[in-house]
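Numbering (the numbering used here), first residue to last: 88 to 307.
1) Excluding the 5 residues preceding and the 5 following residue 117 in the sequence, name in chain order all residues of the same chain whose CB lies nearer than 6 Å to its CB.
2) What are the boundary residues of the alpha helix (DSSP H) that includes residue 192?
3) Which stretch, first to last residue, makes up the alpha helix (DSSP H) that contains residue 273?
4) Check this for me: beta carbons of residue 222 and residue 210, under 7 Å apart or not?
5) Quick check: the Cα distance between residue 236 and residue 126, rounded to an integer number of angstroms?
6) Output the residue ranges of the alpha helix (DSSP H) runs that lie fully inside the stretch 145-224 and measure 4 residues or longer, sorted by chain position.
7) Along the alpha helix (DSSP H) that carries residue 237, what are the first and last residues, could you check?
8) Mapping the DSSP letters down to three states, classify residue 132 as helix, strand or coil.
9) Whole angstroms is fine: what's the gap from residue 197's alpha carbon to residue 119's?
10) Quick check on DSSP: helix, strand or coil for residue 233?
11) Assign residue 249 to buried or exposed, taking buried as 16 or more other Cβ atoms, counted over all protein chains shown, within 10 Å of its Cβ.
12) Suppose you measure from the CA of residue 192 to the CA of residue 141; what does that come to, to the nearest Å?
13) Output the distance between the C-alpha atoms of residue 254 and residue 99, rounded to the nearest integer angstrom.
14) Indicate the three-state DSSP secondary structure (helix, strand or coil) for residue 99 in the structure shown.
15) Does the Cβ of residue 180 have 16 or more other Cβ atoms within 10 Å, making it buried, or fewer, making it exposed?
16) Just mark residue 101 as buried or exposed, buried being the case when its beta carbon has 16 or more other beta carbons within 10 Å.
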């Protein structure tokens, strides 16, 4: 009987090279964020984190918009909707909350000591998650799908600590933004933020992050 098995399609060296570079650069950028957050908290206070890392983190996170494009173009096998929701939820924070109301991260004005601490813990959770994720992808591509066991373990277990820390920090910052948004932007925007954090945010984040941890980033 003739062998009818389909030949395995070899990955494109150009695509692999690009994805290795993208993931390696992203891991380094988030490592920089983590280093600055930890360093500032050890030597100063959470109120000083935003001036040191706020803009850098905003643009580092903005770079992750490339992942939506990767999914859309079929460069990776990550589900488009899950990827979009993950990226959008982060954009909402760095552009629509702390970007518009930096006093929350600074712990001044409409912010408080808890909001500045929440900003630090949020960035700690984000950065740690992304360092693990991007390093895992980069080393998987380099090693032919055999990343170090420690990274594999962290990829599927660190989530249980990082997720509750991250989402609770994000939710608190959004909640604190509801009141200043009325005067600084519009009552409608304030209502949108309230509805987002109270009704949409928890179930959306739970689904996109728990599911996304397991399925996004299946680099093709």
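Beta carbons: idealized from backbone N, C-alpha and C, even for Gly.
Well, looking at it:
1) 214, 217, 218
2) 189-193
3) Looking at the DSSP string, residue 273 is not in any alpha helix (DSSP H), and its letter there is neither H nor E.
4) no
5) 28 Å
6) 153-160, 167-181, 189-193
7) 236-244
8) coil
9) 28 Å
10) coil
11) buried
12) 9 Å
13) 37 Å
14) coil
15) buried
16) exposed
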